[in-house]
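Undergrad: Residue numbers (my numbering): 2 to 410.
All C-beta atoms, glycine included, are put in the ideal place defined by N, C-alpha and C.
From a predicted model like this one, the values you see are computed outputs, not experimental measurements.
There's a structure below that I have some questions on.
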């Protein structure tokens, strides 16, 4: 099993780099230079290529092998990073990011989305049912580690390391990962797909797989409240006196370390034969309580004289709330991805890649919508009512679990 998990870990790590760059570093950089919460939130639109994975998942199935697609898309990511190195990332006034940089970031996400389809195809077909817990732990932990390195890590290095050099380092990382994708012996175990396995499928074929409708609805809603609050909470702490460098560590390296710990705990519990759905029910309750604590903290910071100034008490509470939510979020994510992969393994082998891409696309949509609209909602309603909405959204997946089919139990 180790021979399978090690190359998967390296490839999922580099897959997390674009997300960390755009979710951890860019929002804080733009907000620190005076851009509105709405404009900062709209940068989530750069993830748009991820929503169309289902369009090219059958192409990855029909043309060549997933390993070839994986190597080529990873090498292309290195090329885009090399081009970004020639265009230093700057934010000027309220204009936002330069159009050329936005175009290259869209290409970066396109390449990462193709890489994701190919890598998930390999994981679904390579892992045995008993390996799903450890496999999804590796997937989530490595992805988040890559996100943390490209988010909080780059922000911490930014004062002493130029943007061109940072993107050149990313380019070199992608080219090394492309070589790993092509040369790793474990990824060569799967046979070259036969033409009969690539018959075009309709949406009805995907939805006919047992448990698909419920899983699709759950993955679309389980992150709505958490993701909206998580994207907005660090920006509100910035408004209440926290520095950008502090938040780079809190919402970047520190919080992601807690998320990785939560994901690892989830994998350990699943390996010890905990059932995914009862585990999700317990953790989602804890997550709802943590979000209520964050909401109460924001109400307190709005009272006269309350700031995240030199005092230690409020800073400690803010740090604890960030770490707690990321820890629980990591546990929830690993368990949910295990349910997704289990559902896709119930599909015929020739349909598994497209089926998993459907679930992963819906899961991503459920993350992007609140992250994109959170700033608009906060500007329109105010931060405190906005967090009330997030509390309601976080309660929905708890209700959904009572409708789960027995095939996923």
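At the level of alpha carbons, what is the spacing between residue 419 and residue 72?
TA: As shown, the chain starts at 2 and ends at 410. That puts residue 419 outside it, with no answer to give.
Undergrad: Does the segment 107–118 come into contact with the segment 227–244, if we say contact requires no fewer than three beta-carbon pairs (one atom in each stretch) closer than 8 Å?
TA: no
Undergrad: At 4 residues or longer, and completely inside the segment 96–183: list those alpha helix (DSSP H) runs for me, N to C.
TA: Counting only runs of 4 or more, we get 100–127, 133–149 and 155–158.
Undergrad: Near residue 44, what residues of its chain come up, given a Cβ to Cβ distance below 6 Å and the 5 sequence neighbours on each side ignored?
TA: One-based indexing of the chain shown puts residue 44 at position 43. Excluding residues within five positions, the ones whose Cβ falls inside 6 Å are 27.
Undergrad: With residue 356 as the anchor, note down where its alpha helix (DSSP H) starts and where it stops.
TA: Within the chain shown, the letter at position 355 stands for residue 356. Segment 353–382, the alpha helix (DSSP H) holding residue 356.
Undergrad: Any contact between the segment 216–233 and the segment 390–410? By contact I mean 3 or more CB pairs, one from each, below 8 Å.
TA: yes
Undergrad: Identify whether residue 212 lies in helix, strand or coil by the three-state DSSP scheme.
TA: The residue you call residue 212 lines up with position 211 of the chain shown. Note: residue 212 maps to coil in three-state DSSP.
Undergrad: Given this structure, state the Cα-to-Cα distance separating residue 365 from residue 163, to the nearest angstrom.
TA: Indexing the chain shown from 1 puts residue 365 at position 364. Indexing the chain shown from 1 puts residue 163 at position 162. Near 31 Å, if we compare the C-alpha coordinates of residue 163 and residue 365.
Undergrad: Report back the beta-carbon spacing between residue 22 and residue 152 to the nearest angstrom; my notes put them in contact at under 8 Å.
TA: The residue you call residue 22 lines up with position 21 of the chain shown. The residue you call residue 152 lines up with position 151 of the chain shown. Yes, they are in contact, since the Cβ atoms of residue 22 and residue 152 sit about 7 Å apart, within 8 Å.
Undergrad: How is residue 301 classed by DSSP in three states: helix, strand or coil?
TA: The residue labelled residue 301 in the question sits at position 300 within the chain shown. In the structure shown, residue 301 sits in a helix (DSSP, three-state: H, G or I).
Undergrad: Could you give the distance in angstroms between the alpha-carbon of residue 383 and the alpha-carbon of residue 257?
TA: Locating residue 383 in the chain shown gives position 382, counting from the first residue. Locating residue 257 in the chain shown gives position 256, counting from the first residue. Going by the C-alpha atoms only, they are around 27 Å apart.
Undergrad: Assuming residue 264 and residue 141 are in contact, meaning their beta carbons sit under 8 Å apart, how far apart are those beta carbons, in whole angstroms?
TA: Counted from its first residue, the chain shown places residue 264 at position 263. Counted from its first residue, the chain shown places residue 141 at position 140. Indeed they touch by this definition, with Cβ atoms about 4 Å apart.
Undergrad: What do you get for residue 67, buried or exposed, if any count of 16 or more other CB atoms within 10 angstroms of its CB means buried?
TA: Looking up residue 67 in the chain shown gives position 66. Buried.
Undergrad: Measure the alpha-carbon distance for residue 79 versus residue 24 and round it to whole angstroms.
TA: The count along the chain shown starts at 1 and reaches residue 79 at position 78. The count along the chain shown starts at 1 and reaches residue 24 at position 23. Each residue's alpha carbon lies about 20 Å from the other.
Undergrad: Short check: CB of residue 285 to CB of residue 399, under 7 Å?
TA: Numbered from 1 along the chain shown, position 284 holds the residue referred to as residue 285. Numbered from 1 along the chain shown, position 398 holds the residue referred to as residue 399. It is a contact, given that the beta carbons lie within the stated cut-off.
Undergrad: Since residue 373 and residue 54 should fall inside the 8 Å C-beta cutoff, what is the C-beta to C-beta distance between them, to a whole number of angstroms?
TA: Working through the chain shown from its first residue, we reach residue 373 at position 372. Working through the chain shown from its first residue, we reach residue 54 at position 53. Not a contact, Cβ separation roughly 18 Å.
Undergrad: Out of 343, 346, 276 and 77, which one is the CA nearest neighbour of residue 16?
TA: In the chain shown, counting from the first residue as 1, residue 16 sits at position 15. Checking every option, the nearest Cα to that of residue 16 belongs to 77.
Undergrad: Does residue 274 pass the burial test, meaning 16 or more other C-beta atoms within 10 Å, or should it be called exposed?
TA: Position 273 of the chain shown, counted from the first residue, corresponds to residue 274. Result: exposed.
Undergrad: Please report the residue range of the alpha helix (DSSP H) in which residue 234 lies.
TA: For the purposes of this step, residue 234 is taken as residue 233 along the chain shown, with counting starting at 1. Here the alpha helix (DSSP H) through residue 234 covers 225–240.
Undergrad: Three or more C-beta pairs closer than 8 Å, one from the segment 353–362 and one from the segment 290–298: is that the case here?
TA: no
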